[in-house]
Every structure is written in structure tokens, then in C-alpha cells.
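Trainee:
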Amino acid sequence: MKNDYLHRIENAKVYDVARKTELEKARDLSARFQNTILLKREDNQPVFSFKLRGAYNKMAGLSPAALKKGVIAASAGNHAQGVALAAAKLKCKAVIVMPITTPQVKIDAVKAHGGKWVELVLTGDSYSDAYQEAQLLQKKKGYTFIHPFDDPDVIAGQGTIAKEILDEHPEPIDAIFVAIGGGGLISGIGSYIKAIRPKIKVIGVQTVDSDAMKQSLQLGKRIELKEVGLFSDGTAVKQVGKETFKICQRVIDDIVLVDTDEICAAINDVFTDTRSILEPAGALA
């Protein structure tokens with residue numbers, strides 16, 4: 019599996035839409051901790067997150083027949099925008115199912131990125147409701163489902179971040195901290211890091227009230243949380259993926275938990291260093 023993901027990541031099709039983002043030194047944080055702290059600036063992507071990497075890599079690998087039939091995704095945020103942008107680039111119909119509680123600004127962003135290629139369906143009060151509706155529509159219409167994290171091509175797309183980190187910083191690295199929701203990002207990053215420079219620690223970060231991966235790894239099986247905290251909505255996942263769990267058992271060295279106060283402090287710290295305001299999920303690690 020390790021070599022399979024290494025090959026997938028090295029051959030991932032992401033740069034038609036994504037850009038190689040900066041690995042920027044956080045000067046104030048580095049001085050405070052007397053260490054070198056680098057920030058991978060995925061907030062500078064066209065959709066302001068890493069999610070378009072995996073979405074585009076998955077969709078770009080579909081057959082012409084599958085693209086003609088269309089794709090479907092469930093998301094309340096960044097994954098939806100990634101799928102929308104990929105759909106416009108590939109001229110592929112995309113049905114995106116979102117909860118009716120989705121903020122208008124995110125709905126507008128999906129429309130802006132996807133244009134005429136995107137059809138929005140608003141249903142239910144949560145991601146789980148949207149996911150169930152997307153599954154029904156996928157079976158009824160024959161669309162290809164673009165999973166936000168539990169798909170090898172999506173994982174490989176996110177893993178291109180790790181390749182960029184090592185290319186940009188060939189000097190020694192002690193650890194890479196990665197936010198965890200469903201596990202797609204850390205699975206991709208961890209797979210590449212452990213194949214190329216296995217001594218680098220891969221450390222996941224979750225919120226204390228959305229720690230499905232940490233609990234699952236401790237118990238040796240996937241568990242489902244009854245409820246999750248929503249402050250870091252981008253990582254609020256009740257159950258991690260089957261594939262991501264399998265990978266994370268192999269590539270994660272440790273997981274640390276943070277609370278809302280610590281996330282707010284991190285948002286402030288990054289603002290001090292970069293004058294950029296991160297969403298909670300982006301400040302997690």
C-alpha cells in the first residue's frame with residue numbers, strides 16, 4: 019500500500035487547478051517557541067483550502083463516459099467548492115448536496131466556482147442528512163460519488179502537499195502537524211512522508227469534541243461519535259473513513275487534542291504572523 023500511494027501522489031493531477039503553495043516561516047511563533055515553525059499556506063488556493071486537490075484528482079481520472087454522466091458530492095463547505103471548481107474546469111455536471119443550514123456565503127462561493135456546471139440541492143439540517151440524500155441520488159441517476167476523504171484518488175491528491183513540503187524544505191524536519199476530520203489529508207501526507215522520510219513525526223490534531231480518529235486508533239476499530247462539536251466545522255466528522263483509518267493506523271505517530279480556546283489563540287497567532295484570518299479547521303494544527 020505504501021508504494022501504491024507513493025506512485026499515486028507522484029502522478030496526481032492537481033496542478034491544472036491547484037497551485038504550489040508557500041511554506042512560510044511564522045516569525046513570532048518561531049521566536050516564542052525557539053524553533054522553526056513553518057506554515058503551509060493552503061489558504062492561498064483558489065478555493066482557500068486544500069480540498070480542491072483531492073476533488074480534482076479524483077474527477078480528472080474519471081472516464082469520458084463517467085464525466086458525461088456527471089458527479090455528485092455532499093458537503094457544507096470546502097469540498098463542495100473544490101468539486102465545483104473541478105467541474106467547471108472539466109466541463110462536467112456536478113450535483114452538490116448541502117444542508118439547508120449552510121451559510122449563504124458558502125452557497126454563493128459554490129455557484130461562483132461552478133457556474134452553469136453545478137446544480138445545488140439543499141436538504142436536511144446536517145452533513146449526515148446531505149450525505150444520505152446524495153447517496154440516494156447517486157444510485158438513482160448513476161452519478162459518480164466524489165467522497166470528501168475516503169477515496170484513494172482524493173487521498174493521493176491531498177498527499178501532494180507532502181511532496182511540496184519536502185521539495186520546498188529539504189533540510190531536517192522534526193514533525194508535521196496535520197488537522198484531522200475524516201482523515202483524508204493526514205492519510206495522504208502521512209503516506210508520502212513515511213515512504214520518503216520516515217523519521218519525520220506525523221502528528222494529527224483534533225478537537226476534544228470531535229476526536230473520532232483518536233478514539234478509533236486507541237480501540238483498534240472505527241467508532242462513531244454520537245455528536246460532534248461544530249466550532250471547527252471543517253473537521254466535525256462523526257466517523258472516519260475505512261480507508262483513511264487503515265492508513266492512519268500505519269502512518270500516524272501521535273494525535274493531540276485541542277479545545278476552542280486553543281483554536282482561538284492559534285487563529286490570533288497566525289494573524290499576528292501573516293495578517294491572514296484562518297477558519298477554525300485551518301488553525302487546528
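Using the working numbering, you'd call the opening residue of the sequence shown number 19 and step up by one each time. Using N, Cα and C, we set each Cβ at its ideal position, and we do this for glycine too.
Could you spell out where the alpha helix (DSSP H) holding Leu47 opens and where it closes?
Mentor: Run containing Leu47: Arg45 to Phe51, per the alpha helix (DSSP H) assignment.
Trainee: Please classify Met19: is it buried, with 16 or more other beta-carbons within 10 angstroms of its beta-carbon, or exposed?
Mentor: Because Met19 carries a pLDDT of 47, less than 50, the predicted location of this residue cannot be relied on, and the following value inherits that uncertainty. So Met19 counts as exposed.
Trainee: At which residues does the alpha helix (DSSP H) containing Asp287 begin and terminate?
Mentor: Its alpha helix (DSSP H) spans residues Thr278 to Thr292.
Trainee: Cβ of Ser48 within 8 angstroms of Cβ of Thr54?
Mentor: Their beta carbons are under 8 angstroms apart, which means Ser48 touches Thr54 by this criterion.
Trainee: Can you tell me the Cβ-Cβ gap for Ala94 and Tyr145, rounded? I've got them flagged as a contact below 8 angstroms.
Mentor: About 5 angstroms separates the two Cβ atoms, so the contact holds.
Trainee: According to DSSP, simplified to helix, strand and coil, what is Glu195?
Mentor: The amino acid occupying residue 195 in the given sequence is Phe; Glu does not appear at that position. In the structure shown, Phe195 sits in a strand (DSSP, three-state: E or B).
Trainee: To the nearest angstrom, report how far apart Val246 and His187 are at their CA atoms.
Mentor: Distance between the alpha carbons of Val246 and His187: 36 angstroms.
Trainee: Measuring straight from C-alpha to C-alpha, what distance separates Lys107 and Gln52?
Mentor: Going by the C-alpha atoms only, they are around 44 angstroms apart.
Trainee: Comparing C-alpha positions only, which one of Gln224, Asp171 and Leu57 sits nearest to Leu70?
Mentor: Selected option, being the one with the closest Cα: Asp171.
Trainee: I need the DSSP call for Glu261, collapsed to helix, strand or coil.
Mentor: Three-state DSSP puts Glu261 in a helix.
Trainee: If you measure between the beta carbons of Ser228 and Pro298, is that distance less than 8 angstroms?
Mentor: Cβ distance not < 8 angstroms, so Ser228 and Pro298 don't count as in contact.
Trainee: From the DSSP secondary-structure annotation, give me the bridge partner or partners of Met231.
Mentor: According to DSSP, Met231 bridges with nothing at all.
Trainee: Okay, do the stretch 283-302 and the stretch 232-247 touch, 3+ Cβ pairs below 8 angstroms being the bar?
Mentor: The stretch 283-302, when compared against the stretch 232-247, does not touch it at the 8 angstroms Cβ threshold.
Trainee: Can you tell which of Ala73, Ser81 and Leu57 has the C-alpha that lies nearest to the C-alpha of Ala105?
Mentor: It is Ala73 whose Cα lies nearest to the Cα of Ala105.
Trainee: Output the boundary residues of the beta strand (DSSP E) element that contains Thr119.
Mentor: Counting along the chain, Thr119 falls outside any beta strand (DSSP E), and DSSP gives it neither H nor E.
Trainee: Starting from Gln224, trace the beta strand (DSSP E) both ways and give me its first and last residue.
Mentor: Element bounds for Gln224: Lys219 to Thr225.
Trainee: Can you list, in chain order, the residues of its chain with a C-beta nearer than 6 angstroms to that of His131? Leave out the 5 residues immediately preceding and following it.
Mentor: Excluding residues within five positions, the ones whose Cβ falls inside 6 angstroms are Gln99, Ala102 and Leu103.
Trainee: Cβ of Ile164 within 8 angstroms of Cβ of Leu140?
Mentor: Contact flag unset, no.
Trainee: Among the candidates Lys111, Gln156, Leu155 and Glu151, whose CA atom is the shortest distance from the CA of Glu137?
Mentor: Of Lys111, Gln156, Leu155 and Glu151, the residue nearest in Cα terms is Lys111.
Trainee: For Glu189, does the count of other Cβ atoms within 10 angstroms reach 16, so buried, or fall short, so exposed?
Mentor: Its Cβ having fewer than 16 others within 10 Å, Glu189 is exposed.
Trainee: Quick check on DSSP: helix, strand or coil for Met19?
Mentor: Caution applies to Met19, whose pLDDT of 47 falls short of 50 and renders its modelled position unreliable; the model cannot decide the point.
Trainee: Taking Ile181 as the reference, which of Tyr161, Gly199, Asp168 and Ile204 has the closest Cα?
Mentor: Strictly speaking, residue 181 in this sequence is Lys, with Ile absent from that position. Nearest of Tyr161, Gly199, Asp168 and Ile204 to Lys181, Cα basis: Ile204.
Trainee: Look at Arg45 and Asp291 and say whether their C-beta atoms are less than 8 angstroms apart.
Mentor: Contact: yes.
Trainee: On the criterion of 16 or more Cβ atoms from any shown chain inside 10 Å, does Phe167 qualify as buried, or is it exposed?
Mentor: Phe167 is buried by the Cβ-count criterion.
Trainee: Sort out for me which residues DSSP pairs Ile114 with in a bridge.
Mentor: Bridge partners of Ile114: Ala91 and Leu138.
Trainee: Let me check understanding here. Comparing Cα to Cα, which of Ser234, Ile265 and Arg59 lies closest to Val220?
Mentor: Ranking Ser234, Ile265 and Arg59 by Cα distance to Val220 puts Ile265 first.
Trainee: From the DSSP output, which residues share a beta bridge with Phe167?
Mentor: In DSSP, Phe167 forms no bridge with anything.
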